[in-house]
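Engineer: For what it's worth, my numbering labels the leading residue of the sequence shown as 737, then goes sequentially.
Here you go, one structure.
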Amino acid sequence: MSLVVVGCKKKADEATTSEAKEVAVTETSAEKYKVNAAESTIEWKGFKPTATHNGTINIENGVFKVDNGMIKSGTFLIDMKSIVVLDLEGKAKSNLESHLMGTVAGKEGDFFNTNQFPSALFEVTGSEVAEGGKTILKGNLDLKGVKNNISFPVSITQEGDMLKINSDAFTIDRTKWGANFGSKSIFDNLGDKFVNDEIELKITVSASKA
């Protein structure tokens, strides 16, 4: 799934981020859905003064439990070794992918160090009804060995045995998970050689009734 960059696009809202919270427990009446990995993805976008890059990350597996149209509990596993850059080609593409995944000697910890942390995990801690038919989904994001709670708006659709969860575009501050490379909030005297702390994400999950 590709992400089209459009001029004058409204800046995505930052996800509300706080300390990790207790994972939600589901009532027995909730319906169980298993994530279809081939139809689920995370689109990402990163920013610096001279460029914007975008790509995808695979969702490896997951399970959600839903009751009366509300997500009561759930998890999904993110394959951090599947980071793909879509806006570059050739050596520039492979170099950025390697840097993001931390497979370059001496630069393992700059971003996501996937040899040490090959997966990230999202665990639902709650959800609540929001305006415009949206739901605010809340959960712990365990990334690079750091766990923080984030909340962001999603649209939930149930049709037959299928469940679709589509998030609005939102941002997270990568430094809260120790991905500090080129951050002006961490390092001084970077000039225009910095990378924005905010990463824009858009999550698409497709799941079928288990």
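All C-beta atoms in this analysis are idealised placements derived from N, C-alpha and C, irrespective of residue type, glycine included.
(1) What residue range is occupied by the uninterrupted beta strand (DSSP E) comprising Ser887?
(2) Residues bridged to Ser942 by DSSP?
(3) Quick check on the burial criterion: 16 or more other C-beta atoms within 10 angstroms. Buried or exposed for Glu936?
(4) Roughly how many angstroms separate the alpha carbons of Phe853 and Ala915, rounded to a whole number?
(5) Gly782 to Asp846, Cα distance in whole Å?
(6) Please state whether the Cβ-Cβ distance between Lys883 and Ala787 is less than 8 Å.
(7) In chain order, what residues of the same chain lie with their CB nearer than 8 Å to the CB of Leu873, ignoring the 5 residues before and after it?
(8) Just reading off the alpha helix (DSSP H) that Glu833 is part of, what are its end residues?
(9) Mapping DSSP to helix, strand and coil, what is Lys817?
(10) Apart from the five residues just before and just after Phe800, which ones in its own chain have a Cβ nearer than 7 Å to its Cβ?
(11) Would you check if the distance between the CB atom of Ile819 and the CB atom of Glu796 is smaller than 8 Å?
(12) Assuming Lys938 and Glu779 are in contact, meaning their beta carbons sit under 8 Å apart, how far apart are those beta carbons, in whole angstroms?
(13) Assign Thr762 to one of three DSSP states: helix, strand, or coil.
(14) Please classify Ala774: does DSSP put it in a helix, a strand, or coil?
Structural biologist: This is what the structure holds:
(1) 882–895
(2) Lys900
(3) buried
(4) 12 Å
(5) 14 Å
(6) no
(7) Ile807, Val860, Ser863, Ser887, Phe888, Pro889, Val890, Ile901, Ser903
(8) 826–837
(9) strand
(10) Tyr769, Ile807, Gly810, Leu899, Ala943
(11) no
(12) 4 Å
(13) coil
(14) helix
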